[in-house]
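Colleague:
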Amino acid sequence: MTSFDLTGKLALVTGSRRGIGHAIARAYLIAGARVVLNCPDADRLEPAAAELRTLSAPGNVLTSAFDVTDEAAVEAAVAELTAEHGCPDILVNNAGIQIRGPLTEIPVADWRKVVDVDLTSAFIVGRTVARGMVARGSGKIINVCSVQNHLVRPTTAPYAAAKSGLGGLTRSMCAEWARSGVQVNGLAPGYLDTDLNASLVGDAEFSAWITSRTPAGRWGEVEDVTGPAVWLASAASDFVNGQVVYVDGGLTAVI
Ligand SMILES: NC(=O)c1ccc[n+]([C@@H]2O[C@H](COP(=O)([O-])OP(=O)(O)OC[C@H]3O[C@@H](n4cnc5c(N)ncnc54)[C@H](OP(=O)(O)O)[C@@H]3O)[C@@H](O)[C@H]2O)c1
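Per the numbering used here, the sequence shown starts with residue 9, numbered consecutively.
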């Protein structure tokens, strides 16, 4: 099992104050890594960091507040992190939002916001961190995609377009950086019970439909994605590159 061990690794997980990102950061910490929590607001990060500091040596939990869509802020934060702790060994581009609405009505500003946070951010944060990874000759990047890379439903066009694009960006990053020892993969969760889906979890009709539509017969929990996230961050996946791994209870496999 040593190839799954993350001892000595530094992992930056964007959007890790709560939800999937927080669960992945927790799993990396337990697997031995030092983790860097992120969200746009430093004060709001502290309770999330304090919770994780109870699980490990306090110095193993760092914070870096920046907006993943703000190129200047990203570059400053990554430069500061790298100067103090070295270039991250692992980057999880996890920060994401959802704005639902009919395609004929959705404001262009909302479209741009979703594409910015869910796709352009991975380009900005990914290439900023990758410069250091390429120079070092090693690194792991995990882009948190979605079953909507593949499947869509009405009212989620900006999100589906952004997440589909993230699959293409994942393959492009692989094409450019694989020879430099960097593995870039997508992790695509199915329907998980997080704040992002609060309105759907609370909708009994939708919840019954998604439960019946998912072969596993249930909503996913954030813990369902942590094992695959550790695998993709570890040496155990060193020859896996440019792939999107679906963790969806079978949703994309079965009509
Ligand atoms: N839940 C699902 O079923 C599901 C399925 C497939 C894929 N995903 C993807 O998984 C990722 C995490 O989703 P989640 O369900 O855990 O969502 P969530 O609970 O809403 O958490 C989203 C996180 O992203 C952060 N964030 C949002 N905009 C940001 C920005 N501009 N800069 C930095 N951080 C930002 C949020 O910060 P604050 O806490 O400060 O708001 C929050 O910590 C997203 O990419 C989502 O698309 C989720």
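Just so it is clear, CB atoms sit at the ideal spot from N, CA and C, and this is done for glycine as well.
Check whether the region 19 to 36 touches the region 45 to 63, counting contact only when three or more Cβ pairs, one atom from each stretch, lie closer than 8 Å.
Modeller: yes
Colleague: Can you list, in chain order, the stretches of the alpha helix (DSSP H) that have 4 or more residues and sit fully within the region 193 to 232?
Modeller: 206 to 209, 212 to 221
Colleague: I'd like to know whether the C-beta atoms of residue 174 and residue 138 end up nearer to each other than 8 Å.
Modeller: no
Colleague: Measuring CA to CA, which of 253, 43, 189, 252 is closest to residue 89?
Modeller: 43
Colleague: Can you determine whether any heavy atom of ligand 1 sits closer than 7 Å to the C-beta of residue 27, and answer yes or no?
Modeller: yes
Colleague: In whole angstroms, what is the alpha-carbon distance linking residue 167 and residue 151?
Modeller: Their backbone Cα atoms lie some 14 Å apart in a straight line.
Colleague: Against chain D, with Cβ distances strictly below 8 Å, would residue 90 count as a contact?
Modeller: Within the model displayed, chain D is absent; a lone protein chain is all it includes.
Colleague: In three-state DSSP terms, what is residue 234?
Modeller: helix
Colleague: Report yes if the C-beta of residue 202 is less than 7 Å from at least one heavy atom of ligand 1; otherwise report no.
Modeller: yes
Colleague: If you follow the beta strand (DSSP E) that residue 149 is in, where does it begin and where does it stop?
Modeller: 147 to 152
Colleague: If I'm right that residue 205 touches residue 240 with Cβ under 8 Å, what's the distance once you round it to whole angstroms?
Modeller: About 23 Å separates the two Cβ atoms, so there is no contact after all.
Colleague: So what's residue 98 in DSSP terms, helix, strand or just coil?
Modeller: strand
Colleague: Within 7 Å: the Cβ of residue 205 and any heavy atom of ligand 1?
Modeller: In this structure, residue 205 has its beta carbon less than 7 Å from a heavy atom of ligand 1.
Colleague: Hey, residue 99 and residue 63: beta-carbon distance below 8 Å or not?
Modeller: no
Colleague: Could you check what DSSP says for residue 156 in three-state terms: helix, strand or coil?
Modeller: helix
Colleague: State yes or no: is the C-beta of residue 101 within less than 8 Å of the C-beta of residue 73?
Modeller: no
Colleague: Looking at ligand 1, does it come within less than 7 Å of residue 168, judged from the CB to the closest heavy atom?
Modeller: no
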